[in-house]
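Worksheet: the structure to be examined is printed underneath.
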Amino acid sequence: MRELSLFHNRIRDPTPLVENPGIGAGDVVDVRCNRLSLAPDSGDMRAVEALRGRDVRLRYAPQGAGGCG
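At position 21 of the sequence shown (counting the first as 1) the number is 21 in our numbering, and the numbers step up by one without a gap.
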C-alpha cells in the first residue's frame with residue numbers, strides 16, 4: 001500500500017490499521033477529521049504512536065469538530 005485516505009469518515013477506533021500488516025514504512029495514512037481521541041494516554045494515541053513507530057507517515061490532527069469544518 002502506498003496511500004490510504006480515511007479523511008472525515010467518523011472513525012472511532014484505529015486498531016484495525018495497527019493490526020493490518022500491509023501498512024508499513026513509507027505508507028501514508030490520513031485519518032484527520034474523524035472521532036479519535038488525541039489525549040496523551042488514550043488508546044487512539046497509542047495506536048498513532050504504534051503506526052508512527054513503523055515509519056508510517058500518519059496525518060492525524062485535527063480530530064472532531066475543531067478545524068474540520
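Using N, Cα and C, we set each Cβ at its ideal position, and we do this for glycine too.
7 Å CB neighbourhood of MET1 in its chain, flanking five on each side removed: Reading the sequence shown from its first residue, position 1 is the one you call residue 1. GLY22, ILE23, ASP27, listed in sequence order.
(message) For VAL18, report the span of its alpha helix (DSSP H) as first-last.
(response) In the sequence shown, the residue the question calls residue 18 occupies position 18. Start and end: 15 to 19.
Exercise. Give the DSSP bridge partners of LEU4, in chain order.
Key: To locate residue 4, count along the sequence shown from 1; it is residue 4. Paired residues: VAL29.
So, using beta-carbon positions, are ALA50 and ARG32 closer together than 8 Å?
Counting from one through the sequence shown, the residue named residue 50 turns up at place 50. Counting from one through the sequence shown, the residue named residue 32 turns up at place 32. Going by C-beta atoms, ALA50 is not nearer than 8 Å to ARG32.
Margin query: Could you tell me the alpha carbon to alpha carbon distance between LEU38 and ASN20, rounded to whole angstroms?
Written below: Counting from one through the sequence shown, the residue named residue 38 turns up at place 38. Counting from one through the sequence shown, the residue named residue 20 turns up at place 20. So the two alpha carbons sit approximately 21 Å from each other.
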